[in-house]
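Student:
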Amino acid sequence: MTKKNIIDFQRMAAEGEKITWLTGYDYLTAKLQEKAGVDMILVGDSLGMVCLGYDTTFPVTMDDCIRHCQAVRRGAPNTFIVGDMPYMSYQVSDEQAVANAGRFVKESLVDAVKLEGGGAAMVSRAKAINEAGILVIGHIGLTPQFMGQMGGYKAQGKSAGAALKLVNQAKALEEAGSCMILVEGVPAAVGKAITERAKIPILGIGAGSYTHGQLIIYADMVGMYDNFVPKFVKKYADVGAIMVQAFKDYVDEVHQGSFPIDEKHTYLMKEEDEKEFLALLAKTEN
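Residue numbers (this note's numbering): 1 to 286.
Printed below as a string of structure tokens:
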């Protein structure tokens, strides 16, 4: 497949062609996603929960993200890959944000980075990253790195004032040079209002159908992560149940002695070689 770039996504948004975006964290998954024709892969800090077993995204480090981005790039060399900037990798200063965004590009060859928040400081970070020549994607609405301020994992923009604030944040991020914006966990009317006013692609995750494209956590949509499943997730397969059954069948067959079958699953010696081996073994043991 031909790798899409930001010009392609701008064209798709302008022409009403939806953009598909999935999270991915490893070589094998990325390889399958590229084979399926996914437009973009986000190596999200959600890897902390999906891959590393944390309760939140807060413990995820730059090294964690870069290592997973490297694996995804190897699995999907022809897909637009976004590195998710983890907690405290950009919040301190514009200089810190640019340095860590640069690490993503230099060390893992991502095409863009994503950061959370639409306040003045985060707009400044987006502007600095863009001016350094790195594509930056904004992220507003339900932003997990600001979960403490939100009082938990809750939908945002449900009041008129809160909705207007999100529209203004999107405008500020666009003016700062963001190449796209991800809008998460907001009423469909808010996602629509932001999309209608934007001159850049707006991607949604739980933001309604009107956005230029959709993102979803792949482990949620294939039934591999059931610790918490948001309302906006559609389960397309129950791969988790299939894997559990496969693991159980393996355990049962090993216990029963029905796996492996020597004639089918192991390597055989020529009859004369086996006889010679057994004869040599007998000599050494006598």
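Each residue gets a CB set at the ideal place from its N, CA and C atoms; glycine is no exception.
Check Met224 in the structure and name its three-state DSSP category.
Tutor: Along the sequence shown, one-based indexing puts residue 224 at 224. Coil, per DSSP.
Student: Could you tell me the alpha carbon to alpha carbon distance between Leu32 and Cys69, rounded to whole angstroms?
Tutor: In the sequence shown, counting from the first residue as 1, residue 32 sits at position 32. In the sequence shown, counting from the first residue as 1, residue 69 sits at position 69. One C-alpha to the other measures close to 15 Å.
Student: Check the C-beta distance from Asp111 over to Ile81 and give it rounded, since I have them as a contact under 8 Å.
Tutor: Position 111 of the sequence shown, counted from the first residue, corresponds to residue 111. Position 81 of the sequence shown, counted from the first residue, corresponds to residue 81. Between Ile81 and Asp111 the Cβ distance is about 5 Å, and since that is below 8 Å, they are a contact.
Student: Considering only the beta carbon of each residue, do Ala207 and Ile216 sit closer than 9 Å?
Tutor: Within the sequence shown, numbered from 1, the residue matching residue 207 stands at position 207. Within the sequence shown, numbered from 1, the residue matching residue 216 stands at position 216. No.
Student: Give every residue of the same chain whose Cβ lies closer than 8 Å to the Cβ of Ala189, excluding the five residues on either side of it in the sequence, and list them in chain order.
Tutor: The sequence position of residue 189 within the sequence shown is 189, counting from 1. Excluding sequence neighbours, Ala189 sits near Ala163 and Gly208.
Student: If we call anything under 9 Å between Cβ atoms a contact, is Ile200 one with Gln214?
Tutor: By one-based count along the sequence shown, residue 200 stands at place 200. By one-based count along the sequence shown, residue 214 stands at place 214. It is not a contact, given that the beta carbons lie outside the stated cut-off.
Student: Between the stretch 120 to 135 and the stretch 169 to 178, can you find at least three pairs of beta-carbon atoms closer than 8 Å?
Tutor: The stretch 169 to 178 vs the stretch 120 to 135: in contact.
Student: Just list the beta strand (DSSP E) runs in the stretch 195 to 223, keeping only unbroken ones of 3 residues or longer that don't cross its boundaries, in chain order.
Tutor: Segments of the beta strand (DSSP E) lying fully in the stretch 195 to 223: 202 to 205 and 213 to 216.
Student: Helix, strand or coil for Ile288 per DSSP?
Tutor: Because the chain here runs from 1 to 286, residue 288 falls outside it and cannot be looked at.
Student: Relative to the alpha-carbon of Met147, which residue among Glu116, Ile137, Gln10 and Leu135 has its alpha-carbon at the smallest distance?
Tutor: By one-based count along the sequence shown, residue 147 stands at place 147. When each option's Cα is compared against that of Met147, the closest is Glu116.
Student: Express the C-alpha separation of Met122 and Cys51 in angstroms, rounding to a whole number.
Tutor: Residue mapping note: residue 51 aligns to position 51 of the sequence shown, counting from 1. Residue mapping note: residue 122 aligns to position 122 of the sequence shown, counting from 1. Taking the straight line from one Cα to the other gives about 27 Å.
Student: Would you call the stretch 39 to 53 and the stretch 84 to 101 in contact, with 3 or more CB pairs under 8 Å?
Tutor: The stretch 39 to 53 vs the stretch 84 to 101: in contact.
Student: What residue ranges within the stretch 53 to 136 form continuous alpha helix (DSSP H) runs of no fewer than 4 residues, ordered along the chain?
Tutor: List check, alpha helix (DSSP H) in window: 62 to 75, 94 to 108 and 120 to 131.
Student: Could you compute how far the alpha carbon of Val98 sits from the alpha carbon of Gly257?
Tutor: Along the sequence shown, read from residue 1 onward, the residue named residue 98 stands at position 98. Along the sequence shown, read from residue 1 onward, the residue named residue 257 stands at position 257. If I take the Cα positions, the gap works out to 58 Å.
Student: Between the Cα of Asp220 and those of Val233, Lys165 and Ile261, spot the shortest distance and give me the residue it belongs to.
Tutor: For the purposes of this step, residue 220 is taken as the residue at position 220 of the sequence shown. For Asp220, the nearest C-alpha among the options comes from Val233.
Student: Would Ser159 be called buried (16 or more neighbouring beta carbons within 10 Å of its own) or exposed?
Tutor: For this step, residue 159 is matched to residue 159 along the sequence shown. Result: exposed.
Student: Based on the DSSP secondary-structure assignment, which residues constitute the bridge partners of Thr23?
Tutor: Counted from its first residue, the sequence shown places residue 23 at position 23. DSSP, once it has assigned bridges, lists Leu42 as partnering Thr23.
Student: Does the separation of the CB atoms of His212 and Lys18 fall below 9 Å?
Tutor: Indexing the sequence shown from 1 puts residue 212 at position 212. Indexing the sequence shown from 1 puts residue 18 at position 18. Yes; because the gap between Cβ atoms is below 9 Å, this pair is in contact.
Student: Near Gln169, what residues of its chain come up, given a Cβ to Cβ distance below 6 Å and the 5 sequence neighbours on each side ignored?
Tutor: Along the sequence shown, one-based indexing puts residue 169 at 169. Within the same chain, Gln169 has close Cβ partners Gly118 and Ile140.
Student: Inspect the beta-carbon positions of Ile137 and Val167 and report whether they are closer than 9 Å.
Tutor: Counted from its first residue, the sequence shown places residue 137 at position 137. Counted from its first residue, the sequence shown places residue 167 at position 167. It is not a contact, given that the beta carbons lie outside the stated cut-off.
Student: Less than 9 Å separating the beta-carbons of Glu184 and Gln145?
Tutor: The residue you call residue 184 lines up with position 184 of the sequence shown. The residue you call residue 145 lines up with position 145 of the sequence shown. No, these two residues do not count as a Cβ contact at 9 Å.
Student: Between Met1 and the rest of its own chain, which residues show a CB-CB distance below 6 Å, the 5 nearest in sequence each way excluded?
Tutor: The count along the sequence shown starts at 1 and reaches residue 1 at position 1. Excluding residues within five positions, the ones whose Cβ falls inside 6 Å are Asn78.
Student: In whole angstroms, give me the CA-to-CA distance for Lys165 and Trp21.
Tutor: Working through the sequence shown from its first residue, we reach residue 165 at position 165. Working through the sequence shown from its first residue, we reach residue 21 at position 21. Approximately 25 Å between the Cα atoms of the pair.
Student: In chain order, what residues of the same chain lie with their CB nearer than 6 Å to the CB of Gly240, ignoring the 5 residues before and after it?
Tutor: Locating residue 240 in the sequence shown gives position 240, where the first residue counts as 1. If we look at Gly240 and ignore the five residues flanking it on each side, its Cβ neighbours are Gly223 and Met224.
Student: On the DSSP letters alone, give me the boundaries of the beta strand (DSSP E) that Val183 sits inside.
Tutor: The residue labelled residue 183 in the question sits at position 183 within the sequence shown. First-last of the beta strand (DSSP E) with Val183: Met180 to Glu184.
Student: So Ile66 and Ser93 are supposed to be a Cβ contact under 8 Å. How far apart are they, rounded?
Tutor: Here residue 66 refers to the residue found at position 66 of the sequence shown. Here residue 93 refers to the residue found at position 93 of the sequence shown. Contact doesn't hold; Cβ gap of about 20 Å is too wide.
Student: Does DSSP put Gly152 in a helix, in a strand, or in coil?
Tutor: Translated into the one-based positions of the sequence shown, residue 152 becomes position 152. DSSP places Gly152 in coil when its eight states are reduced to three.
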